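Take the sequence shown: its letter number 370 is residue 370 in UniProt numbering, and every next letter is one higher.
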Amino acid sequence: LAITECKPILLSLRRGQASVSYAQSLLGAPETRLTTLDNGLRVASEETGHATCTVGLWISAGSRYESEKNNGAGFFLEHMAFKGTKKHPQTALEQQVESMGAHLSAYTSREHTAYYMKTLTKDLPKAVELLSEVVQSCSLNEAEIEQQRSVVLRELEEVESNLQEVCLDLLHSTAFQGTALGHSVLGPSSSARNLTRQDLVDYVNSHYKAPRMVLAAAGGVSHDELVGLAKSHFSGVSFEYEGDAVPVLSPCRFTGSEIRMRDDALPLAHIAIAVEGASAASPDIVPLMVANAIIGSYDLTYGGGKHLSSRLARLAVEDNLCHSFQAFHSSYSDTGLLGIYFVADKNNIDDMMHWSQNAWMNLCTTVTESDVARGRNALKASLVGQLNGTTPICDDIGRHILNYGRRIPLAEWDARIDAVTPKMVRDICSKYIYDKCPAVAAVGPVEQLPDYNRMRSAMYWLRF
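Encoded structure:
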């Protein structure tokens with residue numbers, strides 16, 4: 001009897017509703033606090049009240065700051081970082097991290113290097129201490145350097161089998177040929193074999209300077225405590241350059257060109273086409289991000305088929321044009337790459353290239369209000385969805401402060417996305433895409449890829 005009298009709790013009126021609306025969640029997002037130390041090092045944090053936190057050091061250094069001679073030095077250093085410091089040999093360093101239950105990691109990109117640690121909030125002081133040692137007093141032991149050479153060479157071999165990375169590296173090398181942005185992050189195998197300890201020391205002395213560093217943290221961290229830890233561990237980081245030789249980013253020019261790496265033994269062709277995009281701080285970046293969201297992405301494993309919202313994805317499904325595609329925008333401090341990358345069967349390359357360029361032309365000429373509304377919503381969902389933990393938030397803080405000098409809050413992104421109109425998308429896309437020379441990279445069975453002049457002539461329409 002008692003069971004029949006129970007009221008069905010699940011039939012609540014609020015079932016299926018979010019307890020906090022999207023707008024409320026944006027306004028209620030924690031503030032990012034920023035403090036600059038006397039030596040120029042910036043300390044930034046977002047307190048979310050979690051029991052865990054991520055803390056890391058983001059540095060303006062990467063393959064763009066390297067020369068032909070030392071290309072790959074930053075990536076090699078990343079491998080050396082956790083192989084012992086002057087205070088803690090490798091075993092002791094590993095034991096310290098393991099005993100905290102922490103996760104220590106690093107990455108190098110074309111313009112940034114990051115060393116970060118995810119740990120329990122109570123272990124924040126120890127994490128900052130270990131990070132300061134890793135960055136300031138890495139032992140760079142000769143024997144360890146020799147051992148890491150084979151590791152780096154093995155990684156280079158592994159990357160060769162990741163055809164997406166190979167294709168996008170080739171795209172950079174042809175689009176920015178003769179300039180530092182053309183360098184790959186990993187560098188050539190000759191660098192891995194020939195880099196000396198002195199090369200690595202010179203790289204650290206040239207680039208690891210306080211004004212180019214950001215100590216960022218997210219999670220259950222107190223900003224005042226973080227600033228105190230930064231003062232005790234990072235006040236000694238130099239802000240002076242030897243002989244005032246401040247490394248200046250050489251300007252990078254974009255060159256419309258192509259590179260083909262034909263290999264008919266591969267099952268699928270990997271192709272990227274791109275034009276010069278906007279820099280990270282350009283006001284044009286938001287309309288371009290909306291434009292990319294309109295083109296969208298597709299993979300053969302997606303459901304939806306003919307009812308996908310992206311027009312290019314619907315065409316890909318109906319005519320079986322490709323296995324996957326994605327619109328991308330890589331932005332750097334003064335330039336960028338705006339493009340489409342796709343993986344297709346060798347017999348569908350010509351058609352897929354035609355419809356990809358057709359999608360670009362539609363953006364420049366006939367994009368509608370409903371397209372833009374869909375793109376705006378997709379972009380908002382993507383931006384919010386990426387920040388799903390302390391590590392992505394911390395990475396966001398570090399990169400924003402290096403790129404913009406401040407953390408752009410989600411509410412501001414939201415307002416800037418809402419301000420994008422169809423006319424703005426048409427105008428900005430015409431500025432960057434219409435009648436511009438593209439850069440093209442192709443790997444695999446690419447015999448059917450159209451001649452460059454044909455691809456160039458598809459970058460405009462004869463309209464009367």
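Where a beta carbon is used, it is the ideal one built from N, C-alpha and C, also for glycine. Quick caveat, the model's predicted, so the values are computed rather than measured.
Out of the options, point me to the one whose CA is closest to residue i's CA.
i	options	result
residue 179	408, 323, 255, 326	255
residue 286	65, 68, 413, 112	413
residue 409	24, 339, 31, 21	31
residue 288	113, 327, 400	327
residue 50	423, 393, 461	393
residue 138	166, 250, 86	86
residue 266	160, 430, 462, 435	160
residue 453	282, 437, 362	437
residue 353	439, 98, 155	439
residue 25	435, 434, 380	380
residue 46	33, 38, 57, 56	33
residue 467	281, 420, 386, 38	Absent from the structure is residue 467, since the part of the chain shown begins at 1 and ends at 464.
residue 43	337, 224, 274	224
Can you tell me whether residue i is buried or exposed, with buried defined as 16 or more other CB within 10 angstroms of its CB?
i	result
residue 341	buried
residue 432	buried
residue 466	Given a span of 1 to 464 for the chain in the structure shown, any question on residue 466 remains unanswerable.
residue 143	exposed
residue 459	buried
residue 276	buried
residue 11	Because residue 11 sits at a pLDDT of 42, beneath the cut-off of 50, its placement in the model cannot be relied upon, and the following sentence gives the value as read from the coordinates. Classification for residue 11: exposed.
residue 367	buried
residue 297	buried
residue 423	exposed
residue 194	exposed
residue 302	exposed
residue 362	buried
residue 13	For residue 13, the predicted model reports a pLDDT of 43, less than 50, meaning its position is unreliable; a value from the coordinates is still stated below. Burial call: exposed.
residue 330	buried
residue 147	exposed
residue 371	buried
residue 167	buried
residue 205	exposed
residue 463	exposed
residue 153	exposed
residue 270	buried
residue 196	exposed
Could you name the residues of the same chain whose beta carbon sits closer than 7 Å to that of residue i, not counting the 5 residues immediately before and after it, in chain order?
i	result
residue 71	63, 183, 187, 188, 191
residue 109	62, 185
residue 347	448
residue 430	364
residue 104	82, 97, 117
With a threshold of 6 Å on Cβ separation, who are the neighbours of residue i within its own chain once the five nearest residues in sequence on each side are excluded?
i	result
residue 365	none
residue 123	100
residue 211	40, 239
residue 29	410
residue 419	none
residue 406	none
Per DSSP, residue i is paired with what?
i	result
residue 138	85
residue 326	297, 341
residue 213	59
residue 277	336
residue 439	257, 274
residue 117	55, 104
residue 201	Paired residues: none, contrary to the question.
residue 34	44
residue 331	336
residue 262	444
residue 218	46, 54
residue 269	344
For my contact list, residue i and residue j are in at a C-beta cut-off of 8 Å; report their separation, rounded to the angstrom.
i	j	result
residue 106	residue 119	No, residue 106 and residue 119 are not in contact; Cβ-Cβ is about 15 Å, not under 8 Å.
residue 375	residue 294	4 Å
residue 359	residue 312	5 Å
residue 175	residue 395	Actually they are not in contact, since the Cβ atoms of residue 175 and residue 395 sit about 25 Å apart, beyond 8 Å.
residue 404	residue 281	6 Å
residue 335	residue 250	Not really, about 12 Å apart at Cβ, beyond 8 Å.
residue 58	residue 216	6 Å
Could you pull out every residue in the same chain whose Cβ sits closer than 8 Å to the Cβ of residue i, ignoring the five residues on either side in sequence?
i	result
residue 263	443, 444, 445
residue 96	88, 126, 130
residue 15	Model confidence at residue 15 stands at a pLDDT of 48, short of 50, so the residue's coordinates are unreliable; what they give is reported in the following sentence. Nothing meets the Cβ criterion.
residue 324	297, 298, 299, 300, 342, 343
residue 290	372, 375, 376, 379, 417, 420, 425
residue 8	Caution applies to residue 8, whose pLDDT of 44 falls short of 50 and renders its modelled position unreliable; the value that the coordinates give is listed next. Excluding residues within five positions, none has a Cβ falling inside 8 Å.
residue 48	30, 218, 219, 220, 390, 393
residue 201	140
residue 350	448, 449, 450
residue 310	294, 295, 296, 297, 298
I want to check one thing, is the minimum distance from the CB of residue i to the heavy atoms of the ligand ATP below 8 Å?
i	result
residue 232	The model depicted lacks the ligand ATP and carries no ligand whatsoever.
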